[in-house]
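Engineer:
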């Protein structure tokens, strides 16, 4: 096996040094009934054959490479500069270990520090961790952190938040004495402000809202933070980082914690993972944050040095008193996002947001002009919006598929009451020609 | 000079007007047709740096050169299984037919990826002897969380609400008690006996019908097989508790013994340890959870099933604990593990542990002459050394780790497990040759001599790297976590200077 | 090592100083040395209830975290805010400015149960062996 260097000769030398006749002599402590287990594994594939097999399996998948895709819903197709993958392929980055030994990991540590710096710039809050698993788990841990901090037991969450995020929150809260109350949305699919304000009592420790929400609608959060704070609770916003080049930030909205999915920042869609959980908060809550933090300091000779810090919160030190059990995070994905944001730069991060808004606004207007489809014409959206048709979404999607288009996510998949509605996403990857082609195809449905 | 001494952040290399990408100029809608009101827009711009592509590339490539990595250095880190990451794994993950797949595509357009996930589940079942797997958890600790949620759901369903305790060995990895406490369990530590295994008498003392489960790593963090595992299984099951397997040390058992056969009810694996997916500087990993049949109903959704020749996705299941992550899991990582197992095949998988154990015992034999072995008997894939010399010179085990860096070898795990004071946990893995192991022995031999002859060399190590001995105290007292924090610190320091 | 005779001590290395019904709490010179550089202190909230022998505060070093146990039961009436910005004081002046919090004591009998400086010194000698 070409990954394993020991030859028969090596083994003989080593067994002799160890002082046993056979390898099995080293396993004498293991009960005989457990030894030599059956292992129904196939034979090894030589690499050439394995490459052929994998290509064959990959060819069974459609995707943005083979079809014109307008899929969103928490995972997005964006332009990823080639330089991102190029940097990620540096062996010293992707085969490095967790930076517990700072002197051996200044590369990884500085990259995390720059990631933290860029993300905090983007969301307008002061502290970011080095990443969490994904948007859903970040949101769940943020909810729990807010309850621990306020000493309260109730979480309010908008029903217009991504269904997976709400499901994960439920899983995390199950078995605790905490409660979750979901706040309904208006027919226009934006948050019901009145329902939220009515549910805000002093039992509530955390209010979780998403903007743009799952339906693509940019929520108007004017005055919400003030109300939440008046009642002594924390405001948690789930956001799409690539929208923050143009949209009002969680910091500007007065949020205490901002979480979200960092996948749009240079990470391919890859059937849903590995992605990038964002977790940011204010300096005041810095010591309550889960996950790793990279800090800047000086070394014994006064040189600038990066190291993991505030580790006393973490599992390897606090053990059962840790605020979270997280150990491995998503470092390489954070690196991808860091390189992406650095390449985009001050100008690019704003422009890419504008392009997304432009593409979605145009597409929505054109679809709205079709007889058989309806949209909310003037509702503020970022890069996705809901379309209502006269047939079931599944029928529409099947028809579009025949024309080489992945036309949108049927809402009925998550909200059974919306049988004829689907979520359409248009990012900067689409040209006007692509958008027109989609509209023509829809017209034929 | 080869490694750049430029320690500036990207922000500090910024120059207004520079671009790292060129974006499309085309606008489809005139500006005037904007429907987003002003108060929903960002007020102040994000102060990202402004650099060209070559500047960004040079910046990050130079950073990478300040890293140790498996592809450049030997990492004998105990309980991490720092083995070689095969390049075909990366080749596969980069294929468009995997990378460009969207998780919400119709099921008939993702049959290839579903095939990979389904077959991986089958392969992991074969390797571990478990009946069903969830591939959703994103990391080992996430798998542990999922596993303990399964424990909780199981006992709840039986109405056994008074099971509030989780038992863990005192040698356990920190995530075990952290996970249990996170879920509201009381954590009780079980002592190790003189041979480093779970003390059966102490275990018996703590086993009653208030125990939800016992979490074990086998072999344990000292690299020793829990020889009484079948007895332990009976003891725990007799009081109605579950037996949980922390798969961090599975690299010792492939083809040798299976946790399923030992009687474990729940298992989590660390694909970034045993199954060669890259560590990435701290993730992403994947922590699949395996269970015996009676726990299947509680597994997270979605599940992947095969119906005839088609793969289908089950989004709902009545007694499932629900979702633990968005979408399917860390699919790109699961794919890499699949490729690894297909590369190895039955023979290769068997060889992994055989070679890992040989390497560990050979290394232990050679190092016995230099340091004390914590428990002197045949080990499995890792072993623990104890530093008992150099105390007079004020040397701690961390200093040995730092000095090893100068010899081009990453430090082993230091100060863990907690049951051995001044511990060095060493795991060579099966990827290393005899020559590399002997180089490691040689380096430790020299360091041993330095400990007595020139202790300052160790206390101030490393000497050959870009930085040495960061001031972690100040880093924790006055955390500087972003570029803005740094600027604020700098300006207040300057104010002090000028006043 | 210095253990002021006018103070009382616990086996978990806290010192206590009584003034009327108020008990001021800190950690001993031995403790601050074991912990080494303190980077952060998590103090109890004012009005928080304490129970003798139960954790009331947490001290963090770079590599470890330590529970600080209340020597008597009662209610926290004052905390030393200075520790938030300058935790290093605990190392520099553990018996003076490095105090943690003050408790309004419930039962004075609990105070009588605390160790004298001599007993504490003896305890340390034994455990070192």
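Protein chains in written order, with the numbering used here: chain A, 189 to 633; chain B, 29 to 527; chain C, 901 to 1029. In this text, a Cβ means the ideal position worked out from N, Cα and C, and glycines have one as well. Computed from a predicted structure; not experimentally measured.
Given that residue 625 of chain A touches chain B, what residues does it touch there, using C-beta distances under 7 Å?
Structural biologist: Near residue 625 of chain A there are no residues of chain B at all, since even the closest Cβ is about 13 Å away, more than 7 Å.
Engineer: For a minimum of 4 consecutive residues, which ranges assigned as the alpha helix (DSSP H) are wholly contained in the segment 962-1013 of chain C?
Structural biologist: As far as the segment 962-1013 of chain C is concerned, its whole alpha helix (DSSP H) runs of at least 4 residues are 982-985, 989-992 and 1008-1012.
Engineer: Does DSSP put residue 949 of chain C in a helix, in a strand, or in coil?
Structural biologist: Three-state result, residue 949 of chain C: strand.
Engineer: Can you tell me which of the three DSSP states residue 270 of chain B falls into?
Structural biologist: It is a strand residue.
Engineer: Straight-line CA distance for residue 57 of chain B to residue 611 of chain A?
Structural biologist: Rounded to whole angstroms, residue 57 of chain B to residue 611 of chain A spans 20 Å at the Cα level.
Engineer: Considering only their Cβ atoms, is the gap separating residue 250 of chain A from residue 338 of chain B smaller than 8 Å?
Structural biologist: Cβ distance not < 8 Å, so residue 338 of chain B and residue 250 of chain A don't count as in contact.
Engineer: Fully enclosed by the segment 314-351 of chain B, which beta strand (DSSP E) runs are 3 residues long or longer?
Structural biologist: Listed in chain order, they are 317-319, 331-335 and 338-342.
Engineer: For residue 613 of chain A, does the three-state DSSP call read helix, strand or coil?
Structural biologist: If DSSP states are grouped into helix, strand and coil, residue 613 of chain A belongs with the strands.
Engineer: Quick one: what does DSSP say residue 416 of chain B is sitting in, helix, strand or coil?
Structural biologist: Residue 416 of chain B: coil per DSSP, three-state reduction.
Engineer: I need the straight-line Cα distance from residue 142 of chain B to residue 332 of chain B, nearest angstrom please.
Structural biologist: Rounded to whole angstroms, residue 142 of chain B to residue 332 of chain B spans 7 Å at the Cα level.
Engineer: Restricting to Cα atoms, I'd like to know which of A/499, A/601 and A/620 is closest to residue 580 of chain A.
Structural biologist: The candidate whose alpha carbon is nearest that of residue 580 of chain A is A/601.
Engineer: Please list, in chain order, the chain C residues whose beta carbon lies closer than 9 Å to that of residue 579 of chain A.
Structural biologist: What residue 579 of chain A touches in chain C: nothing, since even the nearest Cβ is about 60 Å away.
Engineer: Ordered along the chain, which non-local residues of its own chain (more than five positions away) have a Cβ less than 6 Å from that of residue 508 of chain B?
Structural biologist: These residues qualify, in order along the chain: 514 and 517.
Engineer: Run the CB neighbour count on residue 517 of chain A, radius 10 Å, all protein chains shown included, and call it buried at 16 or more, exposed below.
Structural biologist: Residue 517 of chain A should be labelled buried.
Engineer: Could you have a look at residue 909 of chain C and say whether DSSP puts it in helix, strand or coil?
Structural biologist: Residue 909 of chain C: strand per DSSP, three-state reduction.
Engineer: When burial is assigned at 16 or more other CB atoms within 10 Å of the CB, is residue 398 of chain A buried or exposed?
Structural biologist: So residue 398 of chain A counts as buried.
Engineer: Which residues mark the beginning and the end of the beta strand (DSSP E) in which residue 466 of chain A is found?
Structural biologist: 465-469 is the span of the beta strand (DSSP E), which, as asked, contains residue 466 of chain A.
Engineer: Are three or more beta carbon pairs between the segment 312-332 of chain B and the segment 160-176 of chain B nearer than 8 Å?
Structural biologist: Taking 8 Å as the limit for Cβ pairs, the verdict is that the segment 160-176 of chain B does touch the segment 312-332 of chain B.
Engineer: Roughly how many whole angstroms lie between the Cα atoms of residue 485 of chain B and residue 428 of chain B?
Structural biologist: In a straight line, the C-alpha of residue 485 of chain B is about 10 Å away from that of residue 428 of chain B.
Engineer: Which ranges would you report for the beta strand (DSSP E) in the segment 435-498 of chain B if only whole runs of at least 3 residues count?
Structural biologist: Whole beta strand (DSSP E) segments, 3+ residues: 451-454.
Engineer: Would you tell me roughly how many angstroms separate the C-alpha atoms of residue 423 of chain B and residue 450 of chain B, rounded to the nearest one?
Structural biologist: The alpha-carbon atoms of residue 423 of chain B and residue 450 of chain B are separated by roughly 10 Å.
Engineer: Taking all protein chains shown into account, do 16 or more other C-beta atoms lie within 10 angstroms of the C-beta of residue 29 of chain B, making it buried, or fewer, making it exposed?
Structural biologist: Exposed, by the Cβ-count rule.
Engineer: Starting from the beta carbon of residue 1017 of chain C, find every residue of chain A whose beta carbon is closer than 9 Å, and list them in chain order.
Structural biologist: Ordered by position in chain A, no residue passes the 9 Å Cβ test against residue 1017 of chain C, which lies about 30 Å from the chain.
Engineer: Expressed to the nearest angstrom, what Euclidean distance is found between the alpha-carbon atoms of residue 229 of chain A and residue 154 of chain B?
Structural biologist: Approximately 7 Å between the Cα atoms of the pair.
Engineer: Between residue 204 of chain A and the ligand MG, is there a pair consisting of the residue's CB and a ligand heavy atom that are separated by less than 7 Å?
Structural biologist: Only the bare structure without any ligand can be found here, which leaves the ligand MG out of the picture.
Engineer: Label residue 481 of chain B either buried or exposed according to how many other C-beta atoms from any shown protein chain fall within 10 Å of its C-beta, with 16 as the threshold for buried.
Structural biologist: The residue in question, residue 481 of chain B, is exposed, as its Cβ has fewer than 16 Cβ neighbours within 10 Å.
Engineer: Starting from the N-terminal side, write out each stretch of the alpha helix (DSSP H) that is 4 residues or longer and does not extend beyond the segment 311-363 of chain A.
Structural biologist: Fully enclosed alpha helix (DSSP H) runs of 4 or longer: 323-338 and 351-361.
Engineer: Check the Cβ of residue 940 of chain C against every Cβ in chain A and list those closer than 9 Å, keeping chain order.
Structural biologist: The answer, in chain order, is 475, 498 and 500.
Engineer: Look up residue 210 of chain B in the DSSP assignment and say whether it is helix, strand or coil.
Structural biologist: It is helical.
Engineer: In chain B, which residues lie less than 9 Å from residue 994 of chain C when you measure between Cβ atoms?
Structural biologist: Residues of chain B passing the Cβ test: none, with the nearest at roughly 17 Å.
Engineer: Taking a contact to mean a Cβ-Cβ separation below 8 Å, would you say residue 283 of chain B touches residue 240 of chain B in this structure?
Structural biologist: No; because the gap between Cβ atoms is not below 8 Å, this pair is not in contact.
Engineer: Name, please, each residue of chain C whose Cβ falls closer than 9 Å to the Cβ of residue 501 of chain B.
Structural biologist: 936, 937, 938, 939, 961, 962 and 988, listed in chain order.
Engineer: Please list, in chain order, the chain A residues whose beta carbon lies closer than 7 Å to that of residue 359 of chain B.
Structural biologist: Near residue 359 of chain B (Cβ distances below 7 Å), the residues of chain A are 458, 459, 460 and 461.
Engineer: Taking C-beta to C-beta, are residue 485 of chain A and residue 150 of chain B nearer than 8 Å?
Structural biologist: Taking 8 Å as the Cβ cut-off, residue 485 of chain A and residue 150 of chain B do not qualify as a contacting pair.
Engineer: If the cut is a Cβ gap below 8 Å, which residues of chain C does residue 512 of chain B touch?
Structural biologist: Under the 8 Å cutoff, chain C gives no residues; its nearest Cβ is about 20 Å from residue 512 of chain B.
Engineer: Using the three-state DSSP reduction, which class does residue 683 of chain A fall into: helix, strand or coil?
Structural biologist: Not covered by the structure: residue 683 of chain A. The range shown for chain A is 189 to 633.
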